[in-house]
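Have a look at the structure below before the remarks.
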């Protein structure tokens with residue numbers, strides 16, 4: 001355990017800094033692992049492109065004998081497909097990588113003064129060269145092109161470092177780290193506040209790519225033999241007296257074979273990826289093992305390297321820098337530099353581990369046969385020197401690089417140009433960015449980063465031809481779902497349907513589990529009404545991802561458009577709910593198609609906090625208002641605010657709100673607004689007329705309903721007229737209209753309509769059941785509930801008015817009668833109440849008008865009954881006036 005937790009023997013200040021360094025290393029490792037999963041997703045976000053379409057549903061239903069009469073109104077379906085967003089940088093993450101890398105660099109600089117003079121000078125010269133390669137003059141500190149910042153950095157870092165090396169070698173590591181960190185923080189502040197660059201920190205990060213790459217390569221080479229050393233420990237520890245040679249040869253051979261397969265695959269000498277691990281994983285494992293392995297190497301250096309005074313801090317600092325740099329490369333999807341790192345890991349471990357295997361066998365072959373603990377003396381060679389093995393291993397590394405035609409070198413240059421392209425894209429200097437991306441293509445013409453970035457720039461300039469070309473180039477070497485999605489969308493926009501289908505099919509062959517590609521291909525087929533293929537790919541897309549809201553929403557839309565009601569019922573039976581606005585919008589549309597208006601909960605997340613409606617938000621609020629009109633009046637209050645924020649959608653929103661107003665609110669107000677919409681005119685007038693006609697029919701105003709339907713073209717208008725005339729008792733007129741149904745293609749409705757005409761039965765009218773309850777248990781509340789259900793019905797309003805008058809609530813009685821007369825002027829019962837209340841209020845002229853209406857509309861018997869009550873009331877009022885005079 002003492003060897004595992006080696007820092008326990010150190011001073012308290014060293015332990016604290018060691019814990020901090022290991023914590024920083026763990027944080028850098030987490031950042032790296034997060035970026036490793038899907039590098040392109042961090043710089044290219046998936047866009048969801050929504051499209052709205054209408055589908056007719058029947059919400060207004062009038063139950064008849066054996067069937068229901070309804071009129072169709074438009075509900076909305078949302079169809080969604082994925083789009084590859086433009087390549088963008090996340091500055092917050094880049095700044096985080098930069099902070100981690102600078103802290104790691106401070107650890108490295110804190111360790112260098114403890115090196116022997118020769119190695120110290122060499123290390124500082126290398127650091128200054130790398131610093132110069134970062135071109136600090138581009139930051140513009142002290143003026144454009146000024147070298148002031150470079151001189152300041154060299155003087156500061158060099159002066160502090162040399163002071164510790166020459167004059168205070170006894171200075172503790174914690175104070176060294178603090179001073180280097182303080183000076184680094186000062187430099188960052190100087191850059192932040194005095195740089196002439198519009199993005200100084202991003203500029204510094206991009207131009208620091210050579211230093212980051214150089215230090216990462218140094219670390220990769222330092223740790224390249226650690227896995228092989230670990231295999232020696234695995235083979236020789238705990239096997240006292242047993243030969244460890246065969247186990248060691250087996251596992252080391254398997255390890256080297258895997259590295260060889262990685263090398264052959266990376267160099268495209270074999271197409272199949274036969275390796276068992278990611279190319280970067282061996283480097284990560286070697287780096288972690290090296291925390292303890294480097295201690296053994298330092299302890300065996302006979303005092304040249306002190307692990308406690310220098311080795312741990314140097315190794316940990318380089319490891320942190322390497323992880324932060326690798327995370328930055330992955331985050332920006334800079335695949336040329338990623339391939340450089342992969343080649344560096346594979347080539348260095350293959351070459352140096354092979355020589356290390358020779359080193360182990362040359363020195364410890366007899367000891368392994370005897371089963372001795374070779375790992376304890378691994379760095380105490382008997383014959384072949386460790387330095388020679390590392391020199392020859394490095395030579396082998398160079399040979400492997402040269403066998404690739406120096407491609408990693410060209411890729412490193414391409415990655416650097418890509419970084420510059422990212423910088424100038426972020427600062428909106430698109431022409432300059434384009435030049436750097438094209439310079440990167442000159443170094444490595446198939447790299448994904450440059451081609452995808454150029455496609456993004458082409459789309460910014462609306463050059464779809466160029467975008468398609470670069471997207472296609474991006475799929476040649478390192479294809480990605482984003483590149484295929486971008487290519488497919490561009491081709492479809494250019495009306496190249498079959499090319500778009502082919503590109504997506506090719507993408508699916510590379511990424512068979514890509515939900516994005518499967519969804520988009522399904523939507524392409526859906527656009528051309530190839531329903532079976534659309535269903536297949538959308539179903540596969542839904543199964544390919546846990547986050548399958550988009551393909552699941554599209555499946556609902558596809559079913560709604562293509563399935564009959566019987567099939568639709570079976571498809572959506574026991575379908576799990578999803579709290580996704582588009583899915584909920586389509587689900588409500590499907591429920592309306594099925595005439596299922598069961599109560600459901602409002603999804604508040606469908607409406608954005610700023611009340612600006614997107615496609616899914618509009619579809620949801622409209623479909624919810626239609627489907628839940630009988631249960632929830634919330635849209636009546638919500639929609640006016642939404643209409644104010646979305647004026648171009650006001651008409652669609654208003655119609656939806658009228659449904660909740662009619663079924664759950666003020667029906668008179670709903671009828672008034674609908675009448676106003678008809679009077680305004682426009683292309684939607686037929687829609688408003690048929691809805692109004694149906695509402696009036698539900699309220700029992702058959703004459704007004706017939707008038708509204710008479711101005712509605714098509715089958716719905718004609719059927720509405722037939723029913724309204726039949727309910728008025730005008731069977732002859734209804735029969736004549738019935739003969740016109742074949743002319744509008746509705747001959748299948750003739751048997752049902754003829755049955756309705758011949759039956760002579762009228763449907764139940766809204767409010768009738770509540771009126772019966774009020775008659776049984778009279779109360780003001782009971783009658784008002786009946787009036788709310790049918791505020792224009794003659795029997796309901798007249799009886800409620802009479803009861804209210806008897807309860808000394810004449811004002812309320814007068815109000816409900818006036819409201820009813822605004823739409824129902826053909827009911828003698830309403831005119832009777834109007835006349836009675838006018839007389840009671842002394843409004844004799846109005847009373848006379850009402851009495852004349854009663855005489856005109858009522859039967860002779862009813863009129864005589866009315867007059868028997870009306871005349872005494874009027875005579876009394878007239879006598880009172882005469883007496884007053």
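Numbering (UniProt numbering), first residue to last: 1 to 885. We put the beta carbon where it would ideally sit given N, CA and C, even for glycine.
Terminal residues of the alpha helix (DSSP H) in which residue i lies
i           : result
residue 569 : 565-572
residue 185 : 173-194
residue 413 : 407-426
residue 322 : 312-331
residue 33  : 12-36
residue 372 : Counting along the chain, residue 372 falls outside any alpha helix (DSSP H), and DSSP gives it neither H nor E.
residue 749 : Taken as a continuous stretch (DSSP letters only), residue 749 belongs to no alpha helix (DSSP H), as it is neither H nor E.
residue 675 : 667-680
residue 500 : 497-510
residue 805 : 794-806
residue 583 : 581-593
Three-state class that DSSP yields for residue i in the structure shown
i           : result
residue 235 : helix
residue 208 : coil
residue 384 : coil
residue 61  : strand
residue 486 : helix
residue 444 : coil
residue 50  : strand
residue 77  : strand
residue 336 : helix
residue 254 : helix
residue 225 : coil
residue 397 : helix
residue 647 : helix
residue 68  : strand
residue 639 : helix
residue 816 : helix
residue 621 : helix
residue 246 : helix
Residue i, buried or exposed, once every other Cβ within 10 Å from all chains shown has been counted against 16
i           : result
residue 742 : exposed
residue 619 : buried
residue 8   : exposed
residue 422 : buried
Separation of residue j from residue i, as counted between CA atoms
i           : j           : result
residue 377 : residue 352 : 19 Å
residue 603 : residue 616 : 12 Å
residue 809 : residue 825 : 23 Å
residue 450 : residue 435 : 10 Å
residue 121 : residue 132 : 16 Å
residue 52  : residue 186 : 55 Å
residue 560 : residue 254 : 56 Å
residue 168 : residue 221 : 31 Å
residue 728 : residue 501 : 58 Å
residue 797 : residue 860 : 22 Å
residue 429 : residue 196 : 16 Å
residue 874 : residue 832 : 13 Å
Own chain, CB closer than 8 Å to residue i, minus 5 neighbours either side, in chain order
i           : result
residue 191 : 139, 141, 149, 200, 201, 204
residue 621 : 606, 607, 613, 635, 638, 639, 642, 653, 656
residue 528 : 497
residue 231 : 248, 251, 252, 255
Close Cβ partners of residue i (< 6 Å) along its chain, the five nearest in sequence each way excluded
i           : result
residue 693 : 705, 708, 709, 720
residue 537 : 518, 521, 522
residue 480 : 40
residue 774 : 782, 783, 786
residue 327 : 31, 32, 35, 97
residue 226 : 286, 289, 290, 293
residue 228 : 353, 356
Span of the beta strand (DSSP E) around residue i
i           : result
residue 760 : Element bounds for residue 760: n/a, residue is neither H nor E.
residue 85  : No beta strand (DSSP E) holds residue 85; DSSP gives it neither H nor E.
Neighbourhood of residue i by C-beta distance below 7 Å, restricted to the same chain and skipping five residues each side
i           : result
residue 85  : 44, 45, 46, 47
residue 386 : 359, 379
residue 750 : 738, 741
residue 586 : 77, 78, 553, 556, 557, 560
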